[in-house]
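Peer 1:
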Amino acid sequence: MKLEIIRGPAMSGKTTKLQEILRNAGDKGASIMAGVWSPGSLARSVERIASGSLVTTITIDDCSASQLKMLEKVCKASRWPGVTIYAVEAA
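Below, the structure written as structure tokens:
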């Protein structure tokens, strides 16, 4: 599993870029809004999505620093090498 973090100031088009990535993934994409999730809950959701389907692209919007840290750990320990997570850091 690979993690791509999209950073930038508020209103800089990060979410628009994420939506474009998801659109290009078609039926192999899944989207999560991270906002209120605990880092552990977000990690478990990512693992469930990656393990239970043919998804190769997961987009996650509005990630906190602690959520991004947890996603990095998930990616290092991953059993799903064909999955890429695109995560937007909250501004």
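Heads up, the sequence shown is in the working numbering, so the first residue is 2 and it goes up one at a time.
In this text, a Cβ means the ideal position worked out from N, Cα and C, and glycines have one as well.
Specify the secondary structure class of Ser67 as computed by DSSP and reduced to three states.
Peer 2: If you number the sequence shown from 1, residue 67 lands on position 66. Helix at Ser67.
Peer 1: Classify Met71 as buried or exposed, calling it buried when 16 or more other Cβ atoms lie within 10 Å of its own Cβ.
Peer 2: Within the sequence shown, numbered from 1, the residue matching residue 71 stands at position 70. Its Cβ being crowded by 16 or more others within 10 Å, Met71 is buried.
Peer 1: Would you say Asp63 and Gly41 are within 8 Å of each other, going by their C-beta atoms?
Peer 2: Translated into positions along the sequence shown, residue 63 becomes position 62. Translated into positions along the sequence shown, residue 41 becomes position 40. Result no, Cβ atoms of Asp63 and Gly41 do not sit closer than 8 Å.
Peer 1: Hey, could you find the ends of the beta strand (DSSP E) Thr85 is sitting in?
Peer 2: Position 84 of the sequence shown holds residue 85. Here the beta strand (DSSP E) through Thr85 covers 85-90.
Peer 1: Shortest alpha-carbon distance to Glu5 belongs to which of Ala11, Ser13, Lys18?
Peer 2: To locate residue 5, count along the sequence shown from 1; it is residue 4. Of Ala11, Ser13, Lys18, the smallest CA-CA separation from Glu5 is found for Lys18.
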